[in-house]
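There are 2 protein chains.
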Amino acid sequence: MFFFMFFPLQDSLRGRPKEIPHNEKLLSLKYESLDYDNIENQLFLEEERRMSYMGFRCLEISRWVVCGLIGILTGLIACFIDIVVEQLAGIKYQLIKENIEKFTETGGLSISLILWAVLNFTFVMVGAIIVAFFEPIAAGSGIPQIKCYLNGVKIPRVVRLKTLVIKVCGVICSVVGGLAVGKEGPMIHSGAVVAAGVSQGRSTSLKRDFKIFEYFRRDTEKRDFVSAGAAAGVSAAFGAPVGGVLFSLEEGASFWNQMLTWRIFFASMISTFTLNFVLSIYHSHAGDLSNPGLINFGRFEGDSVTYNLYEIPLFIAMGAIGGFLGALFNVLNYWLTIFRIRYVHRPCLQVMEAMLVAAVTATVSFTMIYFSNDCQPLGPESTEEYPLQLFCADGEYNSMATAFFNTPERSVRSLFHNQPGTYNPLTLGLFTLTYFFLACWTYGLAVSAGVFIPSLLIGAAWGRLFGILLASTSSGGAQHSNAIWADPGKYALIGAAAQLGGIVRMTLSLTVIMVEATGNVTYGLPIMLVLMTAKIVGDYFEEGLYDIHIKLQSVPFLHWEAPATSHWLTAREVMSSPVTCLNRIEKVGTIVDILSNTSTNHNGFPVVVQVLESDEPAKLCGLILRSQLIVLLKHKVFVELARSRLTRRKLQLKDFRDAYPRFPPIQSIHVSQDERECMMDLTEFMNPTPYTVPQETSLPRVFKLFRALGLRHLVVADDENRVVGLVTRKDLARYHLGKHGLEELQLAQT
Amino acid sequence: MFFFMFFPLQDSLRGRPKEIPHNEKLLSLKYESLDYDNIENQLFLEEERRMSYMGFRCLEISRWVVCGLIGILTGLIACFIDIVVEQLAGIKYQLIKENIEKFTETGGLSISLILWAVLNFTFVMVGAIIVAFFEPIAAGSGIPQIKCYLNGVKIPRVVRLKTLVIKVCGVICSVVGGLAVGKEGPMIHSGAVVAAGVSQGRSTSLKRDFKIFEYFRRDTEKRDFVSAGAAAGVSAAFGAPVGGVLFSLEEGASFWNQMLTWRIFFASMISTFTLNFVLSIYHSHAGDLSNPGLINFGRFEGDSVTYNLYEIPLFIAMGAIGGFLGALFNVLNYWLTIFRIRYVHRPCLQVMEAMLVAAVTATVSFTMIYFSNDCQPLGPESTEEYPLQLFCADGEYNSMATAFFNTPERSVRSLFHNQPGTYNPLTLGLFTLTYFFLACWTYGLAVSAGVFIPSLLIGAAWGRLFGILLASTSSGGAQHSNAIWADPGKYALIGAAAQLGGIVRMTLSLTVIMVEATGNVTYGLPIMLVLMTAKIVGDYFEEGLYDIHIKLQSVPFLHWEAPATSHWLTAREVMSSPVTCLNRIEKVGTIVDILSNTSTNHNGFPVVVQVLESDEPAKLCGLILRSQLIVLLKHKVFVELARSRLTRRKLQLKDFRDAYPRFPPIQSIHVSQDERECMMDLTEFMNPTPYTVPQETSLPRVFKLFRALGLRHLVVADDENRVVGLVTRKDLARYHLGKHGLEELQLAQT
């Protein structure tokens, strides 16, 4: 299916690179940056200096309150999703089960198939329609988008309330619709949206302003809270508060701050706790808090909680398999995504593709179950929710159905914990094969859905298969105790870790997430080894899935370090030049003209000052942002007006905060011809101490400064302190290490 | 004991603050900083530019190799300590047990007491002598020192081989000597020393240079490896690789780098693995790797692995108790440390104090056991290693002895896991009380020893007591299932976490360490809550123990953020001025004079250039360090000599690396009168792109730049790019938030 579409594409990629709108060799100019650096202008400093120690304490406390709220709301959203999915999926599977049971004896199972397909079809259609037509940014897991946001790239509409609503409804539809997806990934996005909303104390979509948390209305603070929200999302999804913190740090934060980390941790903790508490009431064993998280891998106990030295090489081999399969998954998905970008970009086509996938998934599942003759006895200790008897003898059930006829979370748990012998190898092999392609096809559809659970499921299936084969090969020799080999659940866990690691390529955070989700640290070391091997092997072939999708979006993403061989580049080569500078006291007309110039569309302007009565060049004295200038123009902060109307209220920081983050475009601001002749004094509003570097600074040094401080603009000055250039995110993200050494991406206005 | 010594001291502190040599209101000038910022001079850039992509790959691989070696060596050291301690302690306890059994019937137990005291006495004496006379920096746990090192303060001799040897021998002596100490804290220091040694590929102490890893011979790289070493130490001590990584990040790293974090993680993993593997062979169940770490809290299983909502408030209350007791511990230890600094600073006094503590510990323990009448039946499932019968009936053993007559690690495990009813409340209460004061007195002695295990032990004792009391109060009411209340081991765990958190005030890393050491994530949430409560309550009274000791050493430690109310300070007020600048081509005599000036003792010098034939002031063009100048002087890199001897070898980066880190003092370099007239050209060697800030930059902004980039010197320049000042670590560490707002510490040449 995927292969035939690839080869012509690959050729066209080589032949006509200009014609493909999205291309990983391009860097889009449409993305703006977030400012992690405070704009320390006079207004800000005055406010900070006025504030007492108690004021700072209150701020600190309100930060904790916000994090608590983020945790509670994220937990509640997770509960909502979980309960609705469980109810709807319960109804669906019960209906189909009864139908199948009815028709197994009388014949006519094709009606069951149609029922199944139509049910899936309907749910997925609803899910795809709301995503494709109302909020395309809610598609997928949202993790790449949140990674970008935390990296400092402003992805439009990514943290809006509407996105959250669509995301939640969408994920319910796609999980109930039986797609090969999980509900865990989208929780991370949901948590981030909750955080962005709560921390601002208002909703621009709902036009409600609660007049609280106004201090937090700037990029720096908002990004900190979004980190906390993402962590809370992970925490709710996997019952892994520490994993959540590490996820936020690994994917996002560049500057590790202890207090911030604790707040993130607090939000994660509250989120797990809320979920745990509400679900414990829902499952009517209120108050028992020992099963956190949406997905719970169940407890590994007894014999299975041990491993031996000679198993380590096996684990590493499994890691390598996972890395390879993960890379294969990513490569296939990469080609598929390029195909989608070229041909499936209209919403109705996207909806149709999603519906097609839903129907195919149902059909394939049904066929697999139908033709499977793997019958297992239905013992009293069996934990199957919907055991399908089908053509099995009485008291037996179809083993293939436990994998396909179930929510993916339950299937994972069955693979980890069912008794040895519950699955026969052929079942597992076939399941792995079909689910691999289904999951690969599904990721990137216009539905809200995560890739974590399908990856775990694929891995658990081949891992269990690996374990069974191992037991059967070694059962001949007697040197090893069979008690250890006999447990394929352990191998299922390791396989799941390997496959997930091979696809997403996280290591530290994923180890902790897996350990927290299994509730047992014994497997910590094997899981680490496996994830590291998977990463090394996988990276040899292809990047991680999220990175591929970020690249295909042409996002100017800054990695941790500058490319190794970039020392020969200096700020002089990297910077944009010449720079549009403003005078400290500038004519309004000039400013309006500069801002209206769509061909440049700069966001930051160095402010310079001319030494009086000299012909020396102007010296740098500050930096001002487009958004600030717009607010100034809107409030008509002109020198002449200030003189004429003495009672006029002075512009305050509050005015900037009120306009944040949706500053109006320059076109919406009317400036009369008279006003164009007025002057604007930028002294109070510009950042008087922008960071600067000399022209000779090497790229890695510029990069480090930029990344460590989360800058948006870095002024390059000569030794007379004159502005010679400006370095922005795009100038740095442009360079990357390709196959042939350092490569430079092209900038494109896509 | 502590109280009487305090009150006069407190008065004297108020009355004559100048006379006390060590005082937390002073900042010592004797500590130098580490340079986390690369010196990107021409030599360095040329080397980097010459290096191919493969070269960088090899470097990266050798970084991983170094981390692997760090892990292996740290693991082996941990094994060595563990095995030696176990053997020696086994012999000691067996001897005493036989002696006690002999004399219990015949009378004359005072001989046993003397035997016990003398044995302890001897071990502790040896341990104290090697520490006090040979390497005082090896005293204590070493964690405050490593914290300082990772923060960027150069603590003399802290990462030398000699320190490691003394540390290892010292910790064996003090643990076997029966002091209230643990062997876990020192592992962190040991790991750091191993890392510093291995990564440099040579030992200056042994005068061996393996000519490998020469690229890593600078502060930046070394500090990264030391982070990994500290993490490997934590990992070996507690079997907590993730906890180790978090410890390093929480305590050390300012700039979170993904690759670095993975390497740290790798080192931690290898370290746990090595320890685990070697110990599994030693305990002759080779290959079973499920019990990592020096301390193992044992597995919590069955009924005890659950908790209920109504227990959360109880846990929080325990956290508060822990915070309060921890603060009390810290306050007492603070007074004691001040007393020690004033009166017990001579090595022989220190040894005598240590011996006194050893004797007192033995006597108190013996007395407690002697007068205890808490006899417990010695069942078949009892895990006591050295059960003492004493005056108990046959088939019973003295319960107090399980707490005192044992290594602290075993006592902790007994408190966590022994059957309900194994201890009676009076035993636990008395034990808590005595051990609290013993541990408090012990910390800060001139012996190598950690405070983790004693803290855990104190906490486990009162936690278990709390659990027993709870069970007895609630046994009247029937609303709660007794199965849950009946397990005091759970409360012992929570108490241990609370007490340790109250003393050391770590949260995130400690949570993970505790979770990894218990091998169970179910208690994750309660442990987090408890640690956070303990921190909040404790911080209200007093700082953490490590911070107190850092403060008492007057170390210029940079916290995460500038004090909240410091926005009114700018670089102008903070900087040191005037600055000693050098010309780009400077007379040797001038340089020698500047370096020899002991009254200033600067380490970094801005390099300026005079515009030719103009009377304009000189402009900043670089920054050069004392260490670089010394190397230049040593190699006589003078303009005149270079002209006369054309064949002369050009100075290379290697020459600087060979001299690192023990650069000779200026006094050892002979410069003749003729040579004083020569000129030195600094162009190639200075850092041509030092970071600069304008004078108006606010302190928080300067602080952030300084901390995020790990700077040592930050040049303050005016708008003509002339040097007006220099900000160093001491200038920033000087400001802190006291009881009455922002306070400024005095700088003192102590």
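Top line first, the protein sequences correspond to chains R and C. Just so you know, we're using our numbering here: the first sequence kicks off at 330 and counts up by one. Just so you know, we're using our numbering here: the second sequence kicks off at 330 and counts up by one. A virtual CB, placed ideally from N, CA and C, is assigned to each residue, including glycine.
> For R:VAL844, which residues in chain C fall below 8 Å Cβ to Cβ?
Replying inline: VAL571, VAL850
> Between the segment 853 to 886 of chain C and chain R, which residues of the former have CB atoms less than 8 Å from a CB of the latter, in chain order?
Replying inline: GLY853, LEU854, MET857, LEU858, MET861
> Quick one: is C:ARG913 near chain R, going by C-beta distance under 7 Å?
Replying inline: no
> Of all the options C:ILE425, C:VAL500, C:ALA566, which has the alpha carbon lying nearest to the alpha carbon of C:LEU444?
Replying inline: C:ILE425
> Given a limit of 7 Å on CB to CB distance, which residues of the segment 510 to 525 of chain C reach chain R?
Replying inline: none
>> Is R:ASN735 near the ligand GDP - that is, is its Cβ less than 6 Å away from at least one heavy atom of it?
In response: The model on display carries no ligand, and the ligand GDP is accordingly not part of it.
> Does any C-beta atom of chain R lie closer than 7 Å to the C-beta of C:PRO737?
Replying inline: no
> Nearest-angstrom Cα distance between R:SER895 and C:LYS864?
Replying inline: 45 Å
> Are C:GLY648 and C:VAL494 closer than 7 Å when you measure CB to CB?
Replying inline: no
> Going by C-alpha distance, which of C:ILE401, C:ARG386, C:ILE832 is nearest C:THR603?
Replying inline: C:ILE401
>> Quick check: C:VAL936 and C:ARG913, are their CB atoms within less than 7 Å of each other?
In response: yes
>> Short of 7 Å Cβ to Cβ, which residues in the segment 1035 to 1052 of chain C face chain R?
In response: ALA1037, LEU1038, ASP1048, GLU1049, ASN1050
> In whole angstroms, what separates the C-alpha of R:ILE959 from that of R:PHE385?
Replying inline: 30 Å
> For C:GLN529, does the count of other Cβ atoms within 10 angstroms reach 16, so buried, or fall short, so exposed?
Replying inline: buried
> Between C:VAL968 and C:CYS950, which are expected to be in contact by the criterion C-beta below 8 Å, what is the C-beta distance as a whole number of angstroms?
Replying inline: Between C:CYS950 and C:VAL968 the Cβ distance is about 17 Å, and since that is not below 8 Å, they are no contact.
>> If the criterion is Cβ atoms closer than 7 Å, does the pair C:GLN1093 and C:THR751 meet it?
In response: The requested residue 1093 of chain C does not occur in the structure, where chain C is confined to residues 330 to 1079.
>> Going by C-alpha to C-alpha distance, which of R:LEU508, R:TYR699, R:VAL1053 sits closest to R:SER906?
In response: R:VAL1053
> Taking Cβ-Cβ distances shorter than 7 Å, what residues in chain C pair up with R:HIS1065?
Replying inline: Result: empty, since nearest Cβ-Cβ is about 13 Å, beyond 7 Å.
>> For R:GLU427, would you say it is in contact with chain C, using Cβ-to-Cβ distances shorter than 7 Å as the test?
In response: no
> Is the number of C-beta pairs between the segment 351 to 370 of chain C and the segment 541 to 551 of chain C that are closer than 8 Å three or more?
Replying inline: yes
> Can you name the start and end residues of the alpha helix (DSSP H) that R:GLN957 belongs to?
Replying inline: 955 to 963
> What residues from chain R crowd round C:MET588, counting only those whose CB sits closer than 9 Å?
Replying inline: TRP889, GLU890
> Does the beta carbon of C:HIS809 sit closer than 7 Å to a beta carbon anywhere in chain R?
Replying inline: With a pLDDT of only 46 at C:HIS809, under 50, the local geometry of the prediction cannot be trusted, and no value is derived from it.
>> Within a Cβ cutoff of 6 Å, which residues of the same chain sit near C:SER441, ignoring the five residues on either side of it in sequence?
In response: ASN428, ILE429, PHE432
>> Just checking: is the beta-carbon of R:ALA812 within a distance shorter than 7 Å of some beta-carbon in chain C?
In response: Only weak support is given to the placement of R:ALA812: the predicted model assigns it a pLDDT of 46, under 50, and the question is left unresolved by the model.
>> Is there a C-beta anywhere in chain C that falls below 7 Å from the one on R:PHE365?
In response: One detail in the question is off: residue 365 of chain R reads as Tyr in this sequence, not Phe. No - not a single Cβ of chain C is within 7 Å of the one on R:TYR365.
>> Assuming R:PRO706 is part of the beta strand (DSSP E), what are its boundary residues?
In response: 704 to 706
> With contact counted as at least three CB pairs below 8 Å, one residue from each stretch, are the segment 688 to 699 of chain R and the segment 785 to 803 of chain R in contact?
Replying inline: no
> Looking at C-beta atoms only, is the number of pairs between the segment 878 to 895 of chain C and the segment 1060 to 1076 of chain C that lie closer than 8 Å three or more?
Replying inline: yes
>> What does the Cβ neighbour count give for C:GLU415, buried or exposed, with the cut at 16 atoms within 10 Å?
In response: buried
> Apart from the five residues on each side of it in sequence, which residues of its chain come closer than 7 Å, Cβ to Cβ, to C:ILE650?
Replying inline: ALA827
> What residues from chain R crowd round C:ALA893, counting only those whose CB sits closer than 7 Å?
Replying inline: TYR382, PHE385
>> List, from N- to C-terminal side, the alpha helix (DSSP H) runs of 4 residues or more that fit wholly inside the segment 988 to 1056 of chain C.
In response: 1002 to 1005, 1028 to 1038
> For C:MET904, does the count of other Cβ atoms within 10 angstroms reach 16, so buried, or fall short, so exposed?
Replying inline: buried
>> Threshold first: 4 residues or longer. Then list the alpha helix (DSSP H) segments lying entirely within the segment 412 to 471 of chain R, N to C.
In response: 438 to 458
>> What would DSSP say about R:ASN811, mapped onto helix, strand or coil?
In response: No answer about R:ASN811 holds up, because its pLDDT of 47 lies below 50 and its placement is not dependable.
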